[in-house]
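K.L.:
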Amino acid sequence: ANINRNIILEDLETYYSVMSDDAKIILSGFYEQDSEVILQQAIRLGLKESQQLLNQNWCCLLLEKA
Numbered sequence: 002a003n004i005n006r007n008i009i010l011e012d013l014e015t016y017y018s019v020m021s022d023d024a025k026i027i028l029s030g031f032y033e034q035d036s037e038v039i040l041q042q043a044i045r046l047g048l049k050e051s052q053q054l055l056n057q058n059w060c061c062l063l064l065e066k067a
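For the sequence shown, position 62 (counting from the first letter as 1) is numbered 63 according to the numbering used here, and the numbering increases by one without interruption.
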């Protein structure tokens, strides 16, 4: 099963807290319509989008520390 938007939003701060300054994180397996909400939370935490891939309404985000 894919990790849904709510799980990603709940856990994103934990992921961020263990990332080194030059780390990148890939989040994938969620719906395209959820990408904006996830990206907004990531930006609030201090991440920036490096790349976004879409495939048949599925999304993948590559994020890095800003």
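From the three backbone atoms N, C-alpha and C, an ideal C-beta is built for every residue, glycine too.
(1) Can Glu33 and Leu55 be called in contact, C-beta distance under 8 Å?
(2) For Ala43, is the classification buried or exposed, using 16 other Cβ atoms within 10 angstroms of its Cβ as the cut-off for buried?
(3) Have a look at Gln57, Ser51 and Arg45 and flag the residue whose alpha-carbon is nearest the alpha-carbon of Leu28.
(4) State buried or exposed for Ile4, treating a residue as buried only when at least 16 other CB atoms are found within 10 Å of its CB.
(5) Here's the rule I'm using: 16 or more other beta-carbon atoms within 10 Å means buried, otherwise exposed. How should Ile9 be labelled?
(6) Where DSSP assigns a beta bridge to Tyr16, which residues make up the other side?
P.N.:
Taking the definition as stated:
(1) Going by C-beta atoms, Glu33 is nearer than 8 Å to Leu55.
(2) The residue is buried, with at least 16 neighbouring Cβ atoms inside 10 Å.
(3) Ser51
(4) Classified as exposed, Ile4 has fewer than 16 neighbouring CB atoms from the shown chains inside 10 Å of its CB.
(5) By the neighbour-count rule (16 or more Cβ atoms within 10 Å), Ile9 is buried.
(6) According to DSSP, which records beta bridges pairwise, Tyr16 is partnered with nothing at all.
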